[in-house]
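Numbering-wise, the numbering used here puts 251 at position 63 of the sequence shown, and it's gapless, one number per residue. Even glycine gets a Cβ: it sits at the ideal position worked out from N, Cα and C. Remember, it's a predicted structure, so these values are computed and weren't measured experimentally.
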Amino acid sequence: MFTGIVQAVGRIEKLNPLQVATGRLPLSDVRIGDSISVQGCCLTVVKKAKGMLCFDVSKETLRVTAGLDRPGEVNLEKALGLGDKLGGHLVTGHVDGVGRLAGRKGSEYTFKVPKALSRYIARKGSICIDGVSLTVNRVAGSVFEVNLIPHTLKVTTLKRLERGAKVNLEIDLLARYLERLMAR
Numbered sequence: 189m190f191t192g193i194v195q196a197v198g199r200i201e202k203l204n205p206l207q208v209a210t211g212r213l214p215l216s217d218v219r220i221g222d223s224i225s226v227q228g229c230c231l232t233v234v235k236k237a238k239g240m241l242c243f244d245v246s247k248e249t250l251r252v253t254a255g256l257d258r259p260g261e262v263n264l265e266k267a268l269g270l271g272d273k274l275g276g277h278l279v280t281g282h283v284d285g286v287g288r289l290a291g292r293k294g295s296e297y298t299f300k301v302p303k304a305l306s307r308y309i310a311r312k313g314s315i316c317i318d319g320v321s322l323t324v325n326r327v328a329g330s331v332f333e334v335n336l337i338p339h340t341l342k343v344t345t346l347k348r349l350e351r352g353a354k355v356n357l358e359i360d361l362l363a364r365y366l367e368r369l370m371a372r
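So this is what it looks like as structure tokens:
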């Protein structure tokens with residue numbers, strides 16, 4: 189489990205296995221087998237070196253995510269420990285789909301989501317975009333809007349998004365389980 193509060197911006201240096209320079213992410217407590225959120229995707233550490241983590245990434249993961257198939261900056265977060273603060277919302281790191289930045293005006297960012305995910309997105313609800321916990325301000329069909337404060341832009345990869353950019357989306361965990369319960 190994660191919170192969607194990015195701890196560092198790293199950089200994908202190599203593919204297969206995925207090799208990530210971890211930037212300012214402290215690694216002293218990271219062990220082989222630990223889970224790390226990389227651009228919103230939960231990956232397992234398979235190798236650790238000074239300032240570097242390696243992950244095996246399946247074809248399925250690459251098929252359903254964005255941003256793990258090429259060198260570039262990525263948001264990083266270590267998994268929650270028992271007793272840690274929940275600063276964002278509960279995030280699993282299981283990407284539900286890929287959306288696109290439809291536009292931005294100042295601090296307002298508008299995203300288009302796959303139709304199948306749109307029903308899970310609620311005004312004032314939580315959403316995770318590229319591993320970042322955000323609050324939804326508006327929803328209209330398959331489009332939703334969030335506001336990004338200067339701090340979030342400064343410490344995440346969201347500042348580099350251009351119109352049409354693909355992003356990893358994870359819907360609110362409660363919405364996923366509520367739908368399952370209601371179906372029964």
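### Message
By the three-class DSSP mapping on this structure, what secondary structure does Ser314 have?
### Response
strand
### Among Arg326, Arg348, Gly239, Ser295, nearest to Asp318 - alpha-carbon criterion
Arg348
### Query
Is the beta carbon of Leu264 less than 7 Å from the beta carbon of Leu213?
yes
### Query
So is Lys236 in contact with chain C if we call contact Cβ pairs under 7 Å?
The structure shown contains no chain C; it holds only a single protein chain.
### Task
Buried or exposed for Glu358, please, with buried defined as at least 16 other CB atoms from any protein chain shown within 10 angstroms of its CB.
buried
### Message
For the structure I just gave you, are there three or more beta carbon pairs, one from the stretch 230 to 237 and one from the stretch 200 to 215, closer than 8 Å?
### Response
yes
### Task
My understanding is that Thr253 touches Val218, with C-beta atoms under 8 Å, so please give their C-beta distance in whole angstroms.
Rounded, the Cβ-Cβ distance is 21 Å, inconsistent with contact.
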